[in-house]
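For the protein sequence lines, the chains are A and C, in the order given. Per my numbering, the first sequence starts with residue 150, numbered consecutively. Per my numbering, the second sequence starts with residue 17, numbered consecutively.
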Amino acid sequence: MKLHFIDYLIIALYFVFVIVIGFLIRRKVKSSNDFLMSGRSIPLWIASLAFISANLGAQEVIGMAASGAKYGIMTSHFYWLGAIPAMLFLGLFMMPFYYGSQARSVPEYLAKRYDEKTRAFNALTFAVMTIFSSGISLYALAKLFEVILGWSFELSIYLSAGIVLIYTFLGGLTSAVYNEVLQFFLIVLGIAPLVIIGIHQAGGWHGVVSRLPDAMVHAWKYMGSAQDNPMGVDVWSLALGLGFVLSFGYWCTDFLVVQRAMVAHNMAAAEKTPLIAAFPKMLMPFVVILPGLIAMALMHTPGSDYRLPYKPDGVTLDYDMALPSLLAHDYPSGILGVGLTALFASFMSGMAGNITAFNTVWTYDIYQSYIQRNKPDSHYLRIGRIATVFGIVASIATAYLARSFNNIMDFLQLVFGFVNAPLFATFFLGMFWKRTTGHGAFWGLIGGTVAAACTHGLTLAEGKGAWLGANLHTFHSTMGQNFVIAIVAFTSCFLLTAFISLFTRPHPEQQLVGLVYSLTPKPDTGHLAWYQKPAMLALLVLVLVLLLNLIFM
Amino acid sequence: MKNILDLRFIIGAFFSLVGLLLVLYALVPTASGREINVYGGLAYLIFGLLMLLLWFFFPSRIQEE
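As structure tokens, this is what we get:
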């Protein structure tokens, strides 16, 4: 891929804009609350777009196009079955507790609801995970640009990390949130023309569908058996593993995304943030998944010279290259600059999201809670800024680590998956069963994590797993294995937490007001117009998602 | 004075500039893919101007507080 002056000019313009945003917002940052929590003043529409943009990192944009090329429309289950219902649940049932409890982070909610050891476990694992995620994102960006543009690994790493550092250091979370919204529009509007051009080249939508195997153009038709569909999962593990445990676990408990709703300017806006975000989110498959399908369709279109590259083994298709190779094939200089800027934006948005979540959890949940209490606010503002610099430097180190020991990164991601899987059970029980105790939550989390690791160690999928010396079951795909691991982890954590809670002393009920559903007064929404009521918004989203599922049945 | 920290201004200004650059680039005789750059550029320009209009005529109450 060869870039011209106009492409560099557009990329440079974007860099100038994101840095200027940081400088402009710096004037507004006067306290740690401003820096780490945006002073809880973000308008609803900005919070909503930042909510989905924080998740719109490299793994999403490149990874979903790759999954689209590999699995087809079935990939949309990550959105229409997974993300959307979870976002509705977060808005309707969980945000009132996150926001109403005045917690500044998800771990702080755990401290209020349970105890310090549960908070410490969550805060420490989350802090480490965000750094590694950020580093992996950086590594993926540098590798991609090394392959498609011939840029040096160092140039990509230091350029993107340096720019993220400038704007997050200057403007903190507000700067990250503002940039995430700009990045959202850039990603959508930068990739949308590619979808239009690609569909046109493949002979229209009918052409795309006719050139792909039937299993790739239906979301539900081949879900009856794991053997029948390219994902290698059956409907039950899909619905429970992805649709419930993994999606609810991520969207309802991961501070990276929940933080964007927690900084909305009032409770009503915080509740509506995930609900409003669900509208654009349900359309994202048309931007991030469709390029993968188009790439595969173009490979079989007469007269098209597009070819998806192979991996170095020369046998396996490199699905991760679906989006970048399509950009290189279809975009001429000029708009190519916009497309590449969209890729840059997705990497930077993912990295900034991780860094701003890390600095908040480090400052409030680790430093202020266990290292230096009762210091003036200016001290915590300084610590927040230092944590930002440390987070970026650690991300760069992680990127180099990933370059040297790719297997270590796979291993760490696997371990973090074990830690994340049971988390939703802890929150679910904590918010909806007042009898749940801190001891139950803590040991439930540990038990769920161990159960997840054991399930992986005793099963096999695509040659991965069964490291405990026995193989009790072989899955058709690692995805199917991951879904079952999530179900086992959730169930173990749920049962263990409930069991231990029955034998340990719960908090007095008066301490749980605002933290537990049955003990918290419900807001009166009777005076609101129908379109302002959270329940009606959620119903509308559900109907639209149902329609999308029916259309692509 | 209008609030330049309003995100609609920032987004509007960015896409207007990008759109303008693409349209101008399409006028260069040696440029490739002129049609795509013109249509894409015009789309970005219209989107950018729309955001600027929203910013100009409908000031955000929350951001100005």
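Glycine included, each C-beta is placed from N, C-alpha and C at the ideal position. Quick caveat: nothing in here was measured; it's all calculated off a predicted structure.
Asked, Found
"CB Trp511 (chain A) to CB Ala269 (chain A), shorter than 8 Å?", "no"
"With a threshold of 16 other CB atoms inside 10 Å of the CB of Ser187 (chain A), please say whether the residue is buried or exposed.", "buried"
"Could you spell out the range, first to last residue, of the beta strand (DSSP E) harbouring Thr608 (chain A)?", "608–610"
"Quick one: what does DSSP say Trp368 (chain A) is sitting in, helix, strand or coil?", "Before going further, note that residue 368 (chain A) is Ala rather than Trp in the sequence given. Looking at Ala368 (chain A) - three-state DSSP - the assignment turns out to be coil, as it is neither helix nor strand."
"Would you mind sorting His349 (chain A) into buried or exposed? The rule is 16 or more other CB atoms within 10 Å of its CB.", "exposed"
"Can you check DSSP and say which residues form a bridge with Lys18 (chain C)?", "Bridge partners of Lys18 (chain C): none, in fact."
"Residues in its own chain within less than 8 Å of Trp679 (chain A) by CB, not counting five upstream and five downstream?", "Met685"
"Would a C-beta distance cut-off of 8 Å place Gly502 (chain A) and Gly320 (chain A) closer than the cut-off?", "no"
"Which residue wins for smallest C-alpha separation from Phe539 (chain A), given the options A:Val313, A:Gln332, A:Leu361, A:Glu257?", "A:Val313"
"Would Ser76 (chain C) count as contacting chain A if we go by Cβ distances under 8 Å?", "yes"
"Any beta-carbon of chain C closer than 8 Å to the one on Tyr327 (chain A)?", "yes"
"For His605 (chain A) and Ile62 (chain C), what's the separation of their Cα atoms in angstroms?", "52 Å"
"Please list, in chain order, the chain A residues whose beta carbon lies closer than 9 Å to that of Ile52 (chain C).", "Pro342, Ile346, Asp479, Tyr480, Pro481, Gly483, Ile484"
"If you draw a straight line from the alpha carbon of Gly735 (chain A) to that of Phe397 (chain A), how long is it in whole angstroms?", "Only positions 150 to 702 of chain A appear in the structure, and residue 735 (chain A) is not among them; the question remains open."
"Does DSSP put Val343 (chain A) in a helix, a strand or coil?", "What sits at residue 343 (chain A) in the sequence shown is Leu, not Val. Of the three classes helix, strand and coil, the one that applies to Leu343 (chain A) here is helix, per DSSP."
"For a quick check, are the C-beta atoms of Leu391 (chain A) and Phe632 (chain A) less than 8 Å apart?", "yes"
"Between the Cα of Ile160 (chain A) and those of A:Gly339, A:Pro256, A:Tyr263, A:Gly299, spot the shortest distance and give me the residue it belongs to.", "A:Gly339"
"Comparing the C-beta of Val436 (chain A) with each C-beta of chain C, is any distance below 8 Å?", "no"
"If we ignore side chains and look at the alpha-carbon of each, how far apart do Leu152 (chain A) and Asp479 (chain A) end up?", "14 Å"
"Can you check whether the C-beta of Leu162 (chain A) is within less than 8 Å of a C-beta belonging to chain B?", "Protein chains in the displayed structure are A and C, and chain B is not among them."
"Closer than 8 Å, CB to CB, is Leu33 (chain C) near chain A or not?", "yes"
"For the 8 Å Cβ check, are there 3 or more pairs between the region 205–219 of chain A and the region 432–439 of chain A?", "yes"
"Closest to Thr490 (chain A) by CA distance: which of A:Ile504, A:Pro473, A:Ala574, A:Lys219 is it?", "A:Pro473"
"Within the same chain, show all residues whose beta-carbon is closer than 6 Å to that of Leu40 (chain C), passing over the 5 residues directly before and after it, in chain order.", "none"
"Please work out which residues of its chain come closer than 6 Å, Cβ to Cβ, to Ala635 (chain A), disregarding the five sequence neighbours upstream and downstream, and give them in chain order.", "Gly390, Val394, Leu395, Ala570"
"Given that Ile62 (chain C) touches chain A, what residues does it touch there, using C-beta distances under 7 Å?", "Within 7 Å Cβ-Cβ: nothing; Ile62 (chain C) doesn't reach chain A, min ~11 Å."
"Which of helix, strand or coil does DSSP assign to Phe200 (chain A)?", "helix"
"Is the shortest distance between the beta-carbon of Phe166 (chain A) and the beta-carbons of chain C less than 8 Å?", "yes"
"What would DSSP say about Leu624 (chain A), mapped onto helix, strand or coil?", "Contrary to the premise, residue 624 (chain A) reads as Phe rather than Leu in this sequence. Reduced to three states, the DSSP call for Phe624 (chain A) is strand."
"With a Cβ-Cβ cutoff of 8 Å, do Ala196 (chain A) and Ala413 (chain A) count as a contact?", "yes"
"Which word fits Ala546 (chain A), buried or exposed, when buried means at least 16 other C-beta atoms lie within 10 angstroms of its C-beta?", "exposed"
"With a threshold of 16 other CB atoms inside 10 Å of the CB of Gly217 (chain A), please say whether the residue is buried or exposed.", "buried"
"Starting from the C-beta of Leu447 (chain A), find all residues in its chain whose C-beta is less than 7 Å away, skip the five residues before and the five after it, and write them out in chain order.", "Gly347, Gln350, Ala351, Ser453, Tyr455"
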